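First comes the structure, then the notes that go with it.
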Amino acid sequence: MLLPGLFIYDKWVNFVLLTLTMDIITDIMIDVIIWRSVSMSTLCFEEDIGLFTIFKEHKKFGKQIFLLAINDLKKTYKGAAIGPLWAVIKPAFTLFVYWFAFSVGLRGGKMELFGGHEYTKFIFLLVGFVPWFYMNDSITLGAKSIRMNKQFVTKVSFPVSTIMTFTAVARLLVHFFLFGLMYLILCFNGSPEILTPSVYNLQFFLYCPLMFIFFVALTWSTAPMAAFSKDFENMIVSIMSGVFWLSGIIYNSYTLESDFLRRIMYFNPINFFVNGYRKSFLSGEWFFENTTELYIFLAEFVAIFILGLWNYKRLRKTLPDVL
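Start counting the sequence shown at 14; every next residue gets the next number (the working numbering).
Structure below.
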């Protein structure tokens, strides 16, 4: 009776040793290939793509990611007379248009209720639009990132997973600047209803990193798929306008009349971050107070992360041939 068990044990040990050996050999081959700067098309067939590989790539190319993010911003505003100021002018104009439409044009009222407090329409929209600008750019530009930077896939030895990251970092730098302006406006607004500065503001260091990681993980799925299909890329750009209206950016999703719709809004991760910013800088609420919304988001976060890894691993090896 012990012989089958010993046989299975022996097979399992051989399998583990073989796997460890192959991993060591793969790592050595990757280092040699990167050192010789061969084409990425050769690298993709030797690389064992997984979560630890992606982390390893980011650790090794951390400085390059930041430099490429700066370069990406420079390319975005290259040739413009006022250069990076467009990063502020465009969002400011968008915010003004919506404020004018809902406060003046449509006469929907100058005050908005959130967390038991009333705020001017401008302040309410400001705190909602700042995270939205980042999320919108992260989704649309993140989906285009591989196609827009295909030279890193086909011509040079560079880890593809970092392409989506430096694109997101470039948007994050703009977000930091807009956030700084928003924070100054809130601090000097003078309204007693605005809890800024306060200890609740520290939740920014929770919501912002979560937002960054969530949408980078999302682009692990969307960017390779958009590289395969231009139609998929166009579809993402098209649906973002609908996503805007289905998220609580210009209205308070917690005060919707329908209880069913209020619960459905919990499944919108964009809504989670927009409300998170408003809780942190306006009403003064902790992220764990609404446990239902928090648990739903955490489940979505894990699902998007796992799906992103699976899609990236599935599509990564064929990218050089497609591009």
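Backbone N, C-alpha and C fix where the C-beta goes; we use that ideal spot for every residue, glycine too.
Since the structure is predicted, the reported quantities are computational estimates derived from the model, not experimental observations.
Between the beta-carbon of residue i and the beta-carbon of residue j, is there less than 8 Å?
i	j	result
Phe-300	Gln-164	no
Ile-253	Thr-167	The sequence given here places Met at residue 253; Ile does not occur at that position. No, the Cβ-Cβ distance between Met-253 and Thr-167 is not below 8 Å.
Ile-317	Ala-236	no
Ser-234	Leu-320	yes
Tyr-279	Thr-305	yes
Tyr-196	Ser-293	no
Met-124	Lys-134	yes
Leu-138	Trp-112	yes
Thr-232	Ser-158	yes
Pro-172	Phe-68	no
Glu-70	Ser-174	yes
Ala-114	Ile-249	no
Asn-281	Ser-260	yes
Pro-97	Leu-86	yes
Trp-64	Leu-322	Here residue 64 is Leu; the residue named in the question, Trp, does not match the sequence. Contact flag set, yes.
Leu-328	Met-238	yes
Looking at the structure shown, is residue i part of a helix, part of a strand, or coil, going by DSSP?
i	result
Thr-107	helix
Thr-178	helix
Leu-322	helix
Leu-185	helix
Thr-133	strand
Met-42	With a pLDDT of 43 at Met-42, under the threshold of 50, the modelled position of this residue cannot be trusted; read the value that follows with caution. Note: Met-42 maps to helix in three-state DSSP.
Ile-67	helix
Val-335	helix
Val-101	helix
Glu-313	helix
Ile-95	coil
Lys-163	coil
Asn-261	As written in the sequence, residue 261 is Gly, which differs from the Asn given in the question. Of the three classes helix, strand and coil, the one that applies to Gly-261 here is coil, per DSSP.
Leu-215	helix
Pro-210	coil
Ser-271	coil
Tyr-90	coil
Ser-234	helix
Ser-116	helix
Leu-19	Low confidence applies to Leu-19: its pLDDT is 38, below 50, so where it sits in the model is not reliable, and the reading given next is rough at best. The answer is helix: DSSP assigns Leu-19 an H, G or I state.
Gly-297	coil
Val-173	coil
Pro-205	coil
Glu-306	helix
Ser-242	coil
Asp-36	Here Asp-36 scores only 49 on pLDDT, less than 50, and its place in the model is too uncertain to base an answer on.
So the candidates are the options; which of them puts its Cα closest to the Cα of residue i?
i	options	result
Phe-225	Leu-81, Val-101, Thr-180	Thr-180
Phe-228	Met-177, Leu-328, Met-161, Leu-295	Met-177
Asp-334	Ile-83, Ala-240, Thr-232	Ala-240
Glu-131	Ile-198, Arg-160, Leu-295	Leu-295
Ala-183	Tyr-90, Thr-66, Val-315	Tyr-90
Ile-283	Phe-310, Arg-327, Ser-271	Phe-310
Asn-202	Phe-109, Ser-271, Ile-136	Ile-136
Ser-151	Gly-128, Leu-186, Gly-129, Val-117	Leu-186
Leu-307	Phe-285, Val-315, Arg-327	Phe-285
Glu-298	Glu-206, Glu-70, Pro-222, Lys-72	Glu-206
Lys-243	Arg-160, Leu-322, Val-117, Val-110	Arg-160
Ser-116	Ile-263, Trp-99, Trp-258	Ile-263
Just list the residues that DSSP pairs residue i with in beta bridges.
i	result
Glu-125	Tyr-132
* Asked: Should the stretch 190 to 201 be regarded as contacting the stretch 140 to 153, the criterion being three or more beta carbon pairs within less than 8 Å?
  -> yes
* Inter-stretch contact at 8 Å, needing at least 3 Cβ pairs: the stretch 104 to 115 / the stretch 267 to 275 -> no
* To do: Examine the Cβ distances between the stretch 205 to 224 and the stretch 282 to 289 and report whether three or more of them are shorter than 8 Å.
  => yes
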